[in-house]
Structures are given as C-alpha cells and as structure tokens.
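*Asks:* Start counting the sequence shown at 1279; every next residue gets the next number (our numbering).
Before I ask anything, here is the structure I am working with.
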Amino acid sequence: MSPQPDAARMGSAPQHEQADLPALANREGVLTDLSRVITDAWASFDVPRSSEPQLSDALAARLEAPLPEEAGDAEEALEDAARILDASVSPSRPLFLGYIGSTGLEIGVLASALLATYDVNLATSAGGADLVEQQTLRWLAEFVGFPLAEGAFTSGGMTSNLTALLAARERALPGSRAQGLDGRRAAVYCSEEAHHSVVRAVEVCGLGSGAVRRIPIDSRRRMRPEALDEALSSDISAGVVPVAVVATAGTTLTGAVDPLSAIADVCTRHGAWLHVDGAYGLPGAAAPSTASLFAGLERADSATVDAHKWLGVQKSCSAVLMREAGRLQAAFGHEEQYMPHDGDVANPVDRTLEYSRPFRSLRLWMAFRVHGAVQYRAWIERALANARHFTDLLRATPEFELLHDPMLSIVCFRHAPPGVDNLDSHNIRLAREMQRDGRVFLAPASVDDRACLRACFVNFRTTFEEVEHVLEVAQEIGHSLSRG
Ligand SMILES: Cc1ncc(COP(=O)(O)O)c(C=O)c1O
1279 MSPQPDAARM GSAPQHEQAD LPALANREGV LTDLSRVITD AWASFDVPRS SEPQLSDALA
1339 ARLEAPLPEE AGDAEEALED AARILDASVS PSRPLFLGYI GSTGLEIGVL ASALLATYDV
1399 NLATSAGGAD LVEQQTLRWL AEFVGFPLAE GAFTSGGMTS NLTALLAARE RALPGSRAQG
1459 LDGRRAAVYC SEEAHHSVVR AVEVCGLGSG AVRRIPIDSR RRMRPEALDE ALSSDISAGV
1519 VPVAVVATAG TTLTGAVDPL SAIADVCTRH GAWLHVDGAY GLPGAAAPST ASLFAGLERA
1579 DSATVDAHKW LGVQKSCSAV LMREAGRLQA AFGHEEQYMP HDGDVANPVD RTLEYSRPFR
1639 SLRLWMAFRV HGAVQYRAWI ERALANARHF TDLLRATPEF ELLHDPMLSI VCFRHAPPGV
1699 DNLDSHNIRL AREMQRDGRV FLAPASVDDR ACLRACFVNF RTTFEEVEHV LEVAQEIGHS
1759 LSRG
C-alpha cells in the first residue's frame, strides 16, 4: 500500500483549505526559462551533432524516485525535463533517418503551446477552432489534390485508416455498426507491403485479420491491379462482400506508390470503396517531380495523410479526408443525453472515433499560414532530391547494394564489402553500431528477407552534404565491423 500523506505535516486544517490556487509562482520566469530551453533545442536541430548525450547518474537516479508528496521547484523540473529530452532520440535532428520522422517545424511548437494553453476540446463545437479545423482540411485536400467533402483530424495514420475503414464497412454492410456482421463475410484488400495499421484496423472493425487479402506486388513493389481484380472477382462470386481496397501511396518499407488509377478502375468495376493510405507519402502528390505518381487519387473515397510525418509538424496530427459528405456521420453519429444536438446540427464527435479530441489541426494551419504552399513544395522536393542524391551515391559505391528503385524518399540499402559472409548479421550490427555512434540515426529493416539499412528522408533540414556524410559514416563503421 502506498504511504498516506503525513497527518501531522498537513496540520489540523481540513485538507481542502490547504489547496492553493494551482498557478505557478513565477509564471513569467518559467516562460523565460522555457523560451531559452526551446531556442537552445532549435539551435541544436540546425546541424547534426557528433554523438548523443547520456543522462547523468544523478538525473538517472532521480528517475527512480517515488511519487513526490511535496511541492517541487518548476525551474528545476524544467531543467531536468530539458536534459532528459536532449538525451532522447529526436526526429527533428537532420540526420535522424530511421523510421519516418518529422522536421518538427518551429511554428508547430508555437501552435502546440497555444493549443495546450487553451485546451479546446473538439468533441463538441468549440467555436473558432471548428472553423480552423475545417479550413485546414480544405487546405490540405487542395495541397495534395483530393476532392474533399468532409474529414477530421485524428491521432495518427492508424486512427485515420481505421476511421476510413469503419465508414467503408457501414457503406458496404449497412447496419453492421449495430448488428455486427450478422453472418455476412467481408474482406479488405491491400498490397503485401501495406502498413500493419490496415490489419489492425480490420481487426478492430470486427472483420478478423483473416479478412485481409494481401495482393501481390510488382517489381517496383506496387500492388498488382490485375491480381486485385482476380481477388475481388473470386470473393464476390463466393459471396464475400468487399469492404474496401486500401492502396498505399508511399509504403512504409520502400516508399512505393500503388498504381491508383488502375486500382480505381478495378474498384469502380466491383463497386468497392477505395481508401488511399498516404500517411507518409501523400505530400509527394504536391511535389511537381512526383505528382504524376498519384494520378487517380481524385477518384478515391477516402485518404489518410499524416501531417506529423512529411509535412513537418509535431505529433500527433493526422487527417482522414472523405469524398462524400455524410459517411462519417453514418459511421459515428449518435445521440446521448450528455451531448444533445442543437436541432439537427451534428456535434464534431459525430464525425470521429475519439471523444475528447485536442485541436491538432492548429499546428498545420499555422504551418500553412506562415510558410505557404510554395515553400512546402520546395521542402518536399528537397527531401526527394536528398533521396535521389543518396541513391546515386549508393549506385556509385560498389560496396553498397541498393535493394529497390526508390519512388519517393525512402531508400533501403546494405553494406556488402568483399569478404563478409553473412551480410544479414553484418547489416543489423551496422545499424545498431551506427545508433550507438550517434552521428546518424538509421534503423535496420528487411527487404525480401535481406537485412538492410533504411533511410527515410523527410526532414526539411537535411542537406546534400549531410546526405553524403551518411554514407561516409556507414562506410567507416561498416569497415571497422568487417575488419574487427
Ligand atoms: C503507410 C503508413 N500508414 C500508416 C502508418 C501509421 O501512422 P501513425 O504512426 O501516424 O499511426 C504509417 C506509419 O509509419 C505508415 O507509414
């Protein structure tokens, strides 16, 4: 049992009379401190650092301490938090290339502070914040070229995909919200390399992961539309209802963009809902050099795009975009005594899976306002150019192997110096060793059962020189491993 507050120490007054107002004693002072911590962090994100700092022993010991009963000092807590974060992996650093990070635009930090300050809840109508969310959805849809009727900001690509699939399920199997599948069989189609969130979403929809049809990919790692066509035909003739086809616009492993137009043709032929999972890659639709890869997006029923990935704002900030108005209401609308409707006007919660919902869109709204679409397009092009530059370097360096032809900004490669027998274990060790070294953050991955390194270029800060440095560091550490 945890110790109770010491009665003697609390004095004889009833506890509620000892409740001070919860304001910080020195509001302006802590804001000044915070501003210094943030500007130091921003400066440290401008250029790569040579190693990752470790926590001091004293601070590590404080992280083992029990629940504080007594009030503490805000400035000290802030200092500790800043040191802990400085020693944590941050995707905002220019050479964080592992997983799909985010630039962490400064304006998103300001928006985050503001949205936390006002703590608006978008479960119910929140006045101006609703208008900002709607405008941001329109801007985002215009930016990527999606014919938006409605949408919502969600906690991430996982939730956006789930939201779209729940709406698709209700269209394919009307009444399934209330009655479940009621003996009906259903399926969802996606490529072999679709993100696992699709499988999770299918499970949460109550279809069972056995309902996922993994469609084979072509030599560029894209879903094969003719295989999709066959899978749909065979399911439909067996009485299985297609709930949705999930095309990926930028796969997580290699950045492949499924052929959206051809997939849209197949969906139209079979009357299936087309969802485009562009959590990572959809901003590529706004970049002139890759826009043509996304042709057909305008025919999708729904799409996911994560602003907390390639659009550079902080987590979490994802959007689900819908082509037809009313689909979200059909999937999520409801009437509760504690949340009455104003006539027939829906509450924002009638369009979302979440109840309490923060004002996430403010980050992207501020970023679009302050930087504008032109700057954003240039940044996205820069990430694409970084990936192409890196690819050229790999092709020109015989001891590296490129494992696929990159379509967007993800590059999987491996170090294959002469004399190394087990390239899989060599490359896994190389990834771990590079993370320990701290100059470049790369994560291991596996392409066709070949262990490799995966570089995801989404950070707008990364320069060509830094891209070159990645290969130098990989080569240096790779050699020391292969010789040691
Ligand atoms: C294609 C794709 N879909 C969905 C997700 C899940 O997104 P989140 O982590 O925002 O939930 C990811 C994450 O990397 C992704 O790459």
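From the three backbone atoms N, C-alpha and C, an ideal C-beta is built for every residue, glycine too.
Kindly list the residues whose CB is nearer than 6 Å to the CB of Thr-1740, restricted to its own chain and excluding five residues on each side of it in sequence; keep chain order.
*Replies:* The count along the sequence shown starts at 1 and reaches residue 1740 at position 462. Around Thr-1740: Pro-1372 and Asn-1664.
*Asks:* Check whether the Cβ of Asn-1664 sits closer than 7 Å to any heavy atom of ligand 1, and report yes or no.
*Replies:* Within the sequence shown, numbered from 1, the residue matching residue 1664 stands at position 386. Outside the cutoff, so no.
*Asks:* Return helix, strand or coil for Leu-1383, following the three-state DSSP convention.
*Replies:* Locating residue 1383 in the sequence shown gives position 105, where the first residue counts as 1. Reduced to three states, the DSSP call for Leu-1383 is coil.
*Asks:* Starting from the C-beta of Val-1591, find all residues in its chain whose C-beta is less than 7 Å away, skip the five residues before and the five after it, and write them out in chain order.
*Replies:* The residue given as residue 1591 occupies position 313 in the sequence shown. Around Val-1591: Ser-1380, Leu-1383, Gly-1386, Ala-1585, Arg-1641, Leu-1642 and Ala-1645.
*Asks:* If I'm right that Val-1718 touches Leu-1375 with Cβ under 8 Å, what's the distance once you round it to whole angstroms?
*Replies:* What you label residue 1718 is simply residue 440 of the sequence shown in a count that begins at 1. What you label residue 1375 is simply residue 97 of the sequence shown in a count that begins at 1. Contact flag correct, Cβ pair sits at about 7 Å.
*Asks:* Leaving out five residues on either side along the sequence, give the residues of the same chain with a beta carbon under 8 Å from the beta carbon of Leu-1631.
*Replies:* For the purposes of this step, residue 1631 is identified with residue 353 of the sequence shown, where counting begins at 1. The answer, listed in chain order, is Thr-1432, Thr-1437, Leu-1440, Thr-1441, Leu-1444 and Phe-1610.
*Asks:* Decide yes or no for the touch test of the region 1715-1731 against the region 1673-1681: beta carbon pairs closer than 8 Å, at least 3 of them.
*Replies:* Segments in contact, yes.
*Asks:* Rounded to whole angstroms, what is the Cα-Cα separation between Thr-1530 and Tyr-1633?
*Replies:* In the sequence shown, residue 1530 corresponds to position 252, counting from 1. In the sequence shown, residue 1633 corresponds to position 355, counting from 1. If I take the Cα positions, the gap works out to 29 Å.
*Asks:* Quick one: grab the DSSP three-state call for Tyr-1654.
*Replies:* Your numbering for residue 1654 matches position 376 in the sequence shown. Helix at Tyr-1654.
*Asks:* So, do the region 1453-1469 and the region 1518-1529 have three or more beta carbon pairs nearer to each other than 8 Å?
*Replies:* The answer is yes - the region 1518-1529 touches the region 1453-1469, with three or more Cβ pairs under 8 Å.
*Asks:* What does DSSP give as the partner residue(s) for Met-1600 in the beta ladder?
*Replies:* Numbered from its first residue, the sequence shown carries residue 1600 at position 322. DSSP, once it has assigned bridges, lists Glu-1428 and Ser-1580 as partnering Met-1600.
*Asks:* At the level of alpha carbons, what is the spacing between Gly-1650 and Ala-1509?
*Replies:* Here residue 1650 is taken as the residue at index 372 of the sequence shown, counted from 1. Here residue 1509 is taken as the residue at index 231 of the sequence shown, counted from 1. In a straight line, the C-alpha of Gly-1650 is about 43 Å away from that of Ala-1509.
*Asks:* Express the C-alpha separation of Gln-1607 and Val-1627 in angstroms, rounding to a whole number.
*Replies:* What you label residue 1627 is simply residue 349 of the sequence shown in a count that begins at 1. What you label residue 1607 is simply residue 329 of the sequence shown in a count that begins at 1. Taking the straight line joining both Cα atoms gives about 9 Å.
*Asks:* Let me know the secondary structure DSSP gives Asp-1351 once reduced to three states.
*Replies:* Translated into the one-based positions of the sequence shown, residue 1351 becomes position 73. If DSSP states are grouped into helix, strand and coil, Asp-1351 belongs with coil.
*Asks:* Please report how far the alpha carbon of Glu-1602 lies from the alpha carbon of Ser-1596, in whole angstroms.
*Replies:* Counted from its first residue, the sequence shown places residue 1602 at position 324. Counted from its first residue, the sequence shown places residue 1596 at position 318. Roughly 19 Å between the two C-alpha positions.
*Asks:* Tell me which residues share the same chain as Asp-1496 and place their Cβ nearer than 7 Å to its Cβ, disregarding the 5 neighbours each side in the sequence.
*Replies:* Reading the sequence shown from its first residue, position 218 is the one you call residue 1496. Cβ within range, chain order: Arg-1502.
*Asks:* Using 8 Å as the threshold, is the C-beta distance between Pro-1326 and Glu-1754 below it?
*Replies:* As a first step, residue 1326 must be located in the sequence shown, where it is residue number 48. As a first step, residue 1754 must be located in the sequence shown, where it is residue number 476. No, Cβ-Cβ distance for Pro-1326 and Glu-1754 is not below 8 Å.
*Asks:* Taking the continuous alpha helix (DSSP H) assigned at Cys-1545, which residues delimit it?
*Replies:* Here the question's residue 1545 lines up with position 267 in the sequence shown. Here the alpha helix (DSSP H) through Cys-1545 covers 1538-1548.
*Asks:* Let's test the definition: count the other Cβ atoms within 10 Å of the Cβ of Asn-1304 and tell me whether it reaches 16, buried, or not, exposed.
*Replies:* Here the question's residue 1304 lines up with position 26 in the sequence shown. By the 10 Å Cβ count, Asn-1304 comes out exposed.
*Asks:* For Val-1264, name the three-state secondary structure that DSSP assigns.
*Replies:* Past the boundaries of the shown model lies residue 1264; the chain is included only from 1279 to 1762, so the question cannot be answered.
*Asks:* Could you name the residues of the same chain whose beta carbon sits closer than 8 Å to that of Arg-1340, not counting the 5 residues immediately before and after it, in chain order?
*Replies:* In the sequence shown, the residue the question calls residue 1340 occupies position 62. Cβ neighbours of Arg-1340 beyond the five flanking positions: Asp-1358.
*Asks:* At what residues does the beta strand (DSSP E) containing Ala-1446 begin and finish?
*Replies:* Counting from one through the sequence shown, the residue named residue 1446 turns up at place 168. Counting along the chain, Ala-1446 falls outside any beta strand (DSSP E), though it belongs to the alpha helix (DSSP H) covering 1435-1450.
*Asks:* Does DSSP put Asp-1620 in a helix, a strand or coil?
*Replies:* Position 342 of the sequence shown, counted from the first residue, corresponds to residue 1620. Strand.
*Asks:* Quick check on the DSSP output: the alpha helix (DSSP H) that includes Glu-1330 runs from which residue to which?
*Replies:* As a first step, residue 1330 is located in the sequence shown; it is residue number 52 there, counting from the start. Neither: Glu-1330 is in no alpha helix (DSSP H) and is coded neither H nor E.
*Asks:* Hey, Ala-1578 and Ile-1658: beta-carbon distance below 8 Å or not?
*Replies:* Within the sequence shown, numbered from 1, the residue matching residue 1578 stands at position 300. Within the sequence shown, numbered from 1, the residue matching residue 1658 stands at position 380. The answer is no: Cβ separation not under 8 Å.
*Asks:* Does ligand 1 have a heavy atom nearer than 7 Å to the CB of Asp-1555?
*Replies:* To locate residue 1555, count along the sequence shown from 1; it is residue 277. It does: the Cβ of Asp-1555 is within 7 Å (strictly closer) of some heavy atom of ligand 1.
*Asks:* Which class does Leu-1337 belong to by DSSP, given the choice of helix, strand or coil?
*Replies:* Here residue 1337 corresponds to residue number 59 of the sequence shown, with the count starting at 1. The answer is helix: DSSP assigns Leu-1337 an H, G or I state.
*Asks:* Give a single yes or no on whether Tyr-1654 has its beta carbon closer than 7 Å to a heavy atom of ligand 1.
*Replies:* Walking along the sequence shown from the start, residue 1654 turns up at place 376. No, since every heavy atom of ligand 1 falls outside the 7 Å radius drawn around the Cβ of Tyr-1654.
*Asks:* Whole angstroms is fine: what's the gap from Gly-1528's alpha carbon to Gln-1457's?
*Replies:* Sequence index remark: in the sequence shown, residue 1528 carries index 250 (1-based). Sequence index remark: in the sequence shown, residue 1457 carries index 179 (1-based). If I take the Cα positions, the gap works out to 35 Å.
*Asks:* Buried or exposed for Ala-1661, please, with buried defined as at least 16 other CB atoms from any protein chain shown within 10 angstroms of its CB.
*Replies:* Reading the sequence shown from its first residue, position 383 is the one you call residue 1661. Burial call: buried.
*Asks:* If Thr-1532 sits next to Cys-1690, beta carbons under 8 Å apart, how far is it from one beta carbon to the other, in whole angstroms?
*Replies:* What you label residue 1532 is simply residue 254 of the sequence shown in a count that begins at 1. What you label residue 1690 is simply residue 412 of the sequence shown in a count that begins at 1. 6 Å between Cβ atoms; contact.
*Asks:* To the nearest angstrom, how far is the alpha carbon of Asp-1298 from that of Ala-1391?
*Replies:* Start at 1 with the first residue of the sequence shown, and residue 1298 comes out as number 20. Start at 1 with the first residue of the sequence shown, and residue 1391 comes out as number 113. Taking the straight line joining both Cα atoms gives about 24 Å.
*Asks:* Distance, Cα to Cα, Ser-1760 vs Leu-1701?
*Replies:* Along the sequence shown, read from residue 1 onward, the residue named residue 1760 stands at position 482. Along the sequence shown, read from residue 1 onward, the residue named residue 1701 stands at position 423. Taking the straight line joining both Cα atoms gives about 10 Å.
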